[in-house]
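The sequence shown lines up with residues 112 to 345 when you count with our numbering. Note that the Cβ used here is the ideal one computed from N, Cα and C, for glycine as well. Just so you know, these numbers come straight off a predicted model, no measurement behind them. Here's the structure, in structure tokens; my notes come after.
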Amino acid sequence: MAALGAYRCIECNGEAAELYRDYRRGVLRISICKSCQKPVDKYIEYDPVIILINAVLCKAQAYRHILFNTKINIHGKLCIFCLLCEAYIRWLQLQDSSQNTDPDDLIRYAKEWDFYRMFGIASLEQTSFFIGIFITLWWMTPEMLKRKSDFILLLKALLLSTYGKLLLIPAVIWEHDYTPLCLAFIKVFVLISNSQAIRVTLNLNRILPWFAIFFGLILENGVVCLFQKMGWDV
């Protein structure tokens, strides 16, 4: 049996020792939370597609299931892939603004360097955004981030909640007159997901996560302004 606190109730965020009990021969009984008297995690019976839909709808229960009651370890790879998507979009917009069609190898290599540069800029902007969030939360709720494991869990939650950036590619592939509007909606969706991830991870109210995101955006925009003063296209 797992230690107390190994899992979380997706309804009340209470600690639980187990998600279900196996009576063998395929007979499983979902554990009941001692605090709210509801199933600890109903999603263990659900299809992954249903869980994904609930996560897209930003349901706190789905976030708790993914963050606390599963062993998903793709946050690093997901982060890299999302940054590649964002870098590709920026690189594509940069090429669209360039009128140089010279096929010379030097020009081709320069364009390839532009992609790597955009990836680096996107990485620095996201890092500054996360740093702004961590500083704000540590300043306002230091008791929530006492241990290294608390920081790691919050970072994992933030990285997983940026999955909305994967929608950047289809938004550009199916290009139409409303592409800029679609990109803006994707940005808003990612911020909403970040807010829900912070709220679920630290068990906060709805206001404080948005306050932290606001300061994260200020720091991120400060980095953007710095790049622009350096004469870089971002």
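Can the beta-carbon of residue i be found less than 8 Å from the beta-carbon of residue j?
{"i": "Leu194", "j": "Ala233", "result": "yes"}
{"i": "Leu269", "j": "Leu256", "result": "no"}
{"i": "Gly327", "j": "Phe241", "result": "yes"}
{"i": "Ile318", "j": "Ile244", "result": "no"}
{"i": "Ala166", "j": "Tyr174", "result": "yes"}
{"i": "Ser272", "j": "Ala308", "result": "yes"}
{"i": "Ile191", "j": "Val283", "result": "no"}
Count the other CB atoms within 10 Å of the CB of residue i; is the residue buried (16 or more) or exposed (fewer)?
{"i": "Arg119", "result": "buried"}
{"i": "Trp202", "result": "buried"}
{"i": "Arg140", "result": "exposed"}
{"i": "Leu217", "result": "Unreliable placement is indicated for Leu217, whose pLDDT of 44 sits below 50; the coordinate value is still reported in the next sentence. Leu217 is exposed by the Cβ-count criterion."}
{"i": "Ile223", "result": "A quick correction: the sequence has Glu, not Ile, at residue 223. Flag for Glu223 reads exposed."}
{"i": "Ala295", "result": "exposed"}
{"i": "Pro214", "result": "Confidence in Pro214 is poor, its pLDDT being 49 and thus under 50, which makes the residue's placement unreliable; the coordinate value appears in the next sentence. Exposed, since its Cβ has fewer than 16 Cβ neighbours within 10 Å."}
{"i": "Tyr274", "result": "buried"}
{"i": "Glu254", "result": "exposed"}
Nearest by alpha-carbon distance to residue i: which of the options is it?
{"i": "Ile185", "options": "Trp321, Ile309, Phe296 and Leu266", "result": "Leu266"}
{"i": "Phe338", "options": "Trp250, Arg228, Leu313 and Lys182", "result": "Arg228"}
{"i": "Glu126", "options": "Asp133, Ser146, Arg135 and Tyr134", "result": "Ser146"}
{"i": "Ala128", "options": "Arg135, Val138 and Ala117", "result": "Ala117"}
{"i": "Lys170", "options": "Cys336, Lys340, Ile303 and Arg258", "result": "Ile303"}
{"i": "Thr252", "options": "Phe192, Leu189, Leu313 and Asp133", "result": "Leu313"}
{"i": "Asn180", "options": "Leu235, Leu264, Thr290 and Ile280", "result": "Leu264"}
To the nearest whole angstrom, what separates the beta carbons of residue i and residue j, a pair I think is in contact under 8 Å?
{"i": "Ser239", "j": "Leu330", "result": "5 Å"}
{"i": "Ile143", "j": "Pro150", "result": "6 Å"}
{"i": "Ile164", "j": "Leu130", "result": "In fact, because the Cβ distance is near 21 Å, the residues do not count as touching under 8 Å."}
{"i": "Lys276", "j": "Glu197", "result": "6 Å"}
{"i": "Val311", "j": "Leu178", "result": "6 Å"}
{"i": "Gln204", "j": "Ile121", "result": "That belief does not hold up - the Cβ atoms of Gln204 and Ile121 are roughly 40 Å apart, past 8 Å."}
{"i": "Ser306", "j": "Trp285", "result": "28 Å between Cβ atoms; not a contact."}
For the segment 288-322, which segments carrying the alpha helix (DSSP H) assignment without a break, of at least 4 residues, lie completely within its bounds, in sequence order? 290-313
Which runs of the beta strand (DSSP E) at least 3 residues long sit entirely within the segment 116-183? Give them in chain order. 131-133 and 139-141
Report the residue ranges of all alpha helix (DSSP H) runs contained in full by the segment 250-292; include only those spanning at least 4 residues, in chain order. 259-271 and 279-284
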